[in-house]
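S.K.: Going left to right, the sequence shown walks through residues 606 to 1012 as the numbering used here numbers them.
We put the CB at the ideal spot given by N, CA and C, even for glycine.
Sending over a structure as structure tokens; questions will come in a sec.
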Amino acid sequence: MDFDDTPDEAAFRARVRALLEEHAAELVHLDAGEEAADAGEQEQALRRTQRVLADAGLVGVSWAREHGGQSGTLAQQAIVNQELARARVPTLINHIGLGMCGPTVVAHGTPEQHERYLARLLRAEDVWCQLFSEPGSGSDLAALRTTAVRHGDEWVVNGQKVWTTLAHVADHGILLTRTDADRPKHAGLTMFIVDMHAPGVTVRPLKQLGGQSDFNEVFFDDVHVPDSDRLGEPGEGWRVALTTLLNERVAVGGGGNDLGLSVESLAALAAERVPQLSAERQVLARQALGRAAVAALANRYTGYRRYTAISKGGLPGPEASAGKLAGTTAAKLVADAGVRLLGDDAVYGRGPDGDDGRWQRNQAWLPGIAIAGGTNEVLRNIIGERVLGLPPEPREDKTAPFDGVRR
Ligand SMILES: Cc1cc2nc3c(=O)[nH]c(=O)nc-3n(C[C@H](O)[C@H](O)[C@H](O)COP(=O)(O)OP(=O)(O)OC[C@H]3O[C@@H](n4cnc5c(N)ncnc54)[C@H](O)[C@@H]3O)c2cc1C
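Take a look at the structure:
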């Protein structure tokens, strides 16, 4: 793969840059220095930002036109992502919808579901969340216990989800439920699209260490879901969920993105800070910088190769798990090296170039990203079994009826 823009890509990049300048006044920017708005105003501003970008053709670039996208290439989508980062536009509010829920609806939804949901998702008229994890099932997702029971043309849902990012602002979610406990655990699951404003849905934000609430507990008490909102066949929920999980692993680190802090920003920081260190500390800093740069660049270029394979019609497979593992590991090495260079200044946000504490914030945020969508240990299991062909651990729970398995 050629890492420089082709003439077409360079022209596309110039067009994207011009569009971002044209619409700058309508977009939220990370360092706009505006008064901190309350959460509701912030949410509306982020929804507006995504809507403006979507109307300018800059959201869902690689999605098919029939689904509201631009039928562009993944390289074009990567260019848009780079230009959004350059223009300091924050992560799009509907990032879970765009990265995970939307591709799942595209792959498994009916034409009516496509029509009803996808264009609104792209414009952030509806924000989406992913309702998979439960208090007793995270890594062992297929052990989930939220039930959906069929009554004619409806299903009635009862149970609890947890760690649901964005549920407090979401309009819809993709919801994985157990519909048949007499079958082995992976075979008794069914996926639905759920209206987060439906009677019986209760969302409780979880307060994090830093004071913010990014994720939630969600309770379902006799929530009625029409059968027309079932995503895939009854009992096929695991297959549908795998589409979501593989897209999540590509979206998180597997696409070769830098997860917030690039190796170039680390190099700029090092150019300023390393000469100020003692000779002994310079040696240690250079080692940390070398390790971080090698890991980050290897991840970036491997991610480009994966994008190339996907853009030629491939699907994200188990290698997406390796990508997510390498991506989060590299990003953590970059953040650690930056914090090490900054010392106390990292905590007080006194770094160069208008540093607002981002090195320390990223260092604190990345361990969570290494858990979300598959922990490092679980990803290593997948790589061992599905990429290297090592024998799996013996498990009775894969074949026995779910209700008969010890828990
Ligand atoms: C920032 C963040 C955002 C999230 N957003 C969402 C969301 O939007 N929607 C959603 O549904 N969920 C979300 N999650 C939940 C996430 O998917 C789970 O946290 C994750 O799958 C791990 O599950 P768990 O927390 O129950 O940990 P557990 O599964 O209980 O794991 C505990 C420890 O045991 C290890 N372990 C477990 N099984 C094995 C094994 N077989 N072999 C070796 N080690 C093992 C794990 O690696 C881990 O270290 C989010 C989590 C985070 C941190």
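Starting from the Cα of ARG565, find the closest Cα among GLY677, PHE1007, ALA775, LEU781 and give me that residue.
M.R.: Limits of the chain in this structure are 606 at one end and 1012 at the other, which puts residue 565 out of reach.
S.K.: Which value, in whole angstroms, describes the spacing of the CA atoms of HIS719 and HIS672?
M.R.: Between HIS719 and HIS672, the C-alpha separation is close to 7 Å.
S.K.: Is TRP768 a contact residue of ligand 1, with contact defined as CB to any heavy atom under 8 Å?
M.R.: TRP768: yes, Cβ under 8 Å from ligand 1.
S.K.: Identify every run of the alpha helix (DSSP H) within the segment 710–776, keeping only runs that are complete inside it and at least 4 residues long; order them along the chain.
M.R.: As far as the segment 710–776 is concerned, its whole alpha helix (DSSP H) runs of at least 4 residues are 716–727.
S.K.: Please find out if some non-hydrogen atom of ligand 1 comes closer than 8 Å to the beta-carbon of THR980.
M.R.: THR980 Cβ: within cutoff of ligand 1.
S.K.: Distance check for GLY704 and ASN852, CA to CA, integer angstroms please.
M.R.: ASN852 and GLY704: Cα-Cα distance of roughly 6 Å.
S.K.: Could you name the residues of the same chain whose beta carbon sits closer than 6 Å to that of VAL828, not counting the 5 residues immediately before and after it, in chain order?
M.R.: Cβ within range, chain order: VAL762, ALA803, GLY805, VAL806.
S.K.: Give me the residue from ARG652, GLU730, ALA890, TRP970 with the minimum Cα distance to GLU631.
M.R.: Nearest option by C-alpha distance: ARG652.
S.K.: Considering Cα atoms alone, identify which of PRO612, ASN904, LYS790, GLU924 is closest to SER742.
M.R.: Taking only the C-alpha atoms, the option nearest SER742 is LYS790.
S.K.: On a CA-only basis, which of VAL888, LEU864, GLY793 is nearest ALA875? Give me that one, please.
M.R.: Closest option to ALA875, Cα to Cα, is VAL888.
S.K.: Can you tell me whether GLY816 is buried or exposed? The criterion is at least 16 other CB atoms within 10 Å of its CB, across all chains shown.
M.R.: Burial call: exposed.
S.K.: Should GLN735 be counted as a contact of ligand 1 given a C-beta to heavy atom distance under 8 Å?
M.R.: Under cutoff, so the answer is yes.
S.K.: Tell whether a beta-carbon distance below 9 Å holds between GLU998 and ASN981.
M.R.: No.
S.K.: Could you have a look at GLU822 and say whether DSSP puts it in helix, strand or coil?
M.R.: Correct three-state label for GLU822: strand.
S.K.: For the beta strand (DSSP E) containing ASP941, name the first residue and the last one.
M.R.: Taken as a continuous stretch (DSSP letters only), ASP941 belongs to no beta strand (DSSP E), being part of the alpha helix (DSSP H) at 924–947.
S.K.: Would you grab the beta carbon distance between ILE570 and CYS734 for me? Rounded to a whole angstrom, and I think it's under 8 Å.
M.R.: Shown here, the chain extends from 606 to 1012; a query on residue 570 therefore has no answer.
S.K.: Looking at LEU849: is its Cβ nearer than 9 Å to the Cβ of CYS706?
M.R.: In the sequence on display, residue 849 carries Thr and not Leu. Yes, Cβ-Cβ distance for THR849 and CYS706 is below 9 Å.
S.K.: Is any heavy atom in ligand 1 found nearer than 8 Å to the beta carbon of HIS746?
M.R.: Looking at the sequence provided, one finds Leu at residue 746 rather than His. Correct: LEU746 has its Cβ closer than 8 Å to ligand 1.
S.K.: What is the residue span of the alpha helix (DSSP H) that ASP613 lies within?
M.R.: It spans 612–627 - the alpha helix (DSSP H) in which ASP613 sits, taken as one unbroken run.
S.K.: Using a Cβ-Cβ cut-off of 6 Å (strictly less than) and excluding sequence neighbours within five positions of ALA856, which residues of its own chain qualify?
M.R.: Within the same chain, ALA856 has close Cβ partners GLY704.
S.K.: SER926: beta carbon under 8 Å from a heavy atom of ligand 1?
M.R.: No; taking the cut-off as 8 Å, the Cβ of SER926 has no heavy atom of ligand 1 nearer than that.
S.K.: If I measure Cβ to Cβ from ARG896 and keep anything under 8 Å in the same chain, skipping five residues before and after, which residues do I get?
M.R.: Contacts found: LEU938, ALA942.
S.K.: Taking only the alpha-carbon atoms, compute the straight-line gap between ARG755 and LEU971 and give it to the nearest angstrom.
M.R.: Their Cα atoms are separated by approximately 40 Å.
S.K.: Closer than 8 Å by C-beta to LEU993: which residues in its own chain qualify, once you throw out the five before and the five after it? Chain order, please.
M.R.: For LEU993, where only same-chain residues beyond five positions count, there are no Cβ hits under 8 Å.
S.K.: On the three-state DSSP scale, how would you describe ARG1011?
M.R.: ARG1011: coil per DSSP, three-state reduction.
S.K.: So, are the CB atoms of GLY677 and VAL694 less than 9 Å apart?
M.R.: Going by C-beta atoms, GLY677 is not nearer than 9 Å to VAL694.
S.K.: Whose C-alpha, out of ARG886, ALA914, ALA900, TYR909, is nearest the C-alpha of ALA931?
M.R.: For the residues ARG886, ALA914, ALA900, TYR909, the minimum Cα distance to ALA931 belongs to ALA900.
S.K.: Can you tell which of LEU736, SER818, PHE825, THR770 has its C-alpha closest to the C-alpha of GLY764?
M.R.: It is PHE825 whose Cα lies nearest to the Cα of GLY764.
S.K.: Please report the residue range of the alpha helix (DSSP H) in which THR848 lies.
M.R.: 842–854 is the span of the alpha helix (DSSP H), which, as asked, contains THR848.
S.K.: I'd like to check one pair, LEU727 with VAL710: are the Cβ atoms closer than 9 Å?
M.R.: No, these two residues do not count as a Cβ contact at 9 Å.
S.K.: According to DSSP, simplified to helix, strand and coil, what is HIS829?
M.R.: DSSP places HIS829 in strand when its eight states are reduced to three.
S.K.: What first and last residue would you give for the beta strand (DSSP E) that runs through LEU794?
M.R.: That run of the beta strand (DSSP E) goes 794–800.
S.K.: Give the single residue among LEU946, ILE976, LEU947, ASP758 whose Cα lies nearest to the Cα of LYS1064.
M.R.: What is shown of the chain runs 606 to 1012, which leaves residue 1064 out entirely.
S.K.: I'd like the list of long-range same chain contacts for VAL767, defined as Cβ closer than 7 Å, with 5 residues on each side in sequence excluded.
M.R.: SER738, GLU739, PRO740, GLU822.
S.K.: Any idea what DSSP makes of VAL666, helix, strand or coil?
M.R.: Residue state, collapsed to three classes: coil.
S.K.: Using the Cα positions of THR784 and TYR906, report the straight-line distance between them to the nearest angstrom.
M.R.: In a straight line, the C-alpha of THR784 is about 42 Å away from that of TYR906.
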